[in-house]
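Here the sequence shown is numbered in numbering that gives the first Met the number 0, starting from 0 and rising by one per residue. Each residue gets a CB set at the ideal place from its N, CA and C atoms; glycine is no exception. Below is one structure, written out as structure tokens; comments come after it.
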Amino acid sequence: MKKTKKDYSLIATADGIQPRSWIRTPVSLSSLKGEPKEEGVAVWDTGAQNSGISRRMVKLLRLKNPKQVIETYADGKERKAKAYWVLVTFPNGRQAHVQAVAHKADDPDFIIGMDLICFGRFLLEPDSEGGVRFTFSI
């Protein structure tokens, strides 16, 4: 199967490639100075060691002076990348400063990786309707 820009929502399984449901959260993103501020959508990715930010959002926030980093993927491959310090504001008003690596896709706006998830309590549990309830608290 040929990958396209939007194929970030696919995962490999024993049976081949299957669609994956992401947990999406509205967030507010800004530089560490707090301005400009942009509303966006983040996905929770427990498979990502570090958080990420779309190049589109980097431009909208006018982020400057990236740190050059080397990203290492699960298969051992590495690539050079640019990382920026970002202020993330969650819907409940809680904020976190994080160094986010710029990714090539414009969707999602932000990836919440384990560097942020480890600061709080990430919980998935069955709900009374047969679904799954997600909570995160810092």
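H96 and T88 have their C-alpha atoms some 9 Å from each other.
For K76, the secondary structure class from DSSP, reduced to helix, strand or coil, is coil.
Judged by DSSP in its simplified three-state form, I69 adopts strand. Annotated three-state conformation of I22 is coil, per DSSP. When the Cα atoms are used, D114 and E34 turn out to be separated by approximately 23 Å.
Per DSSP, the beta-bridge partners of V87 are L28 and A95.
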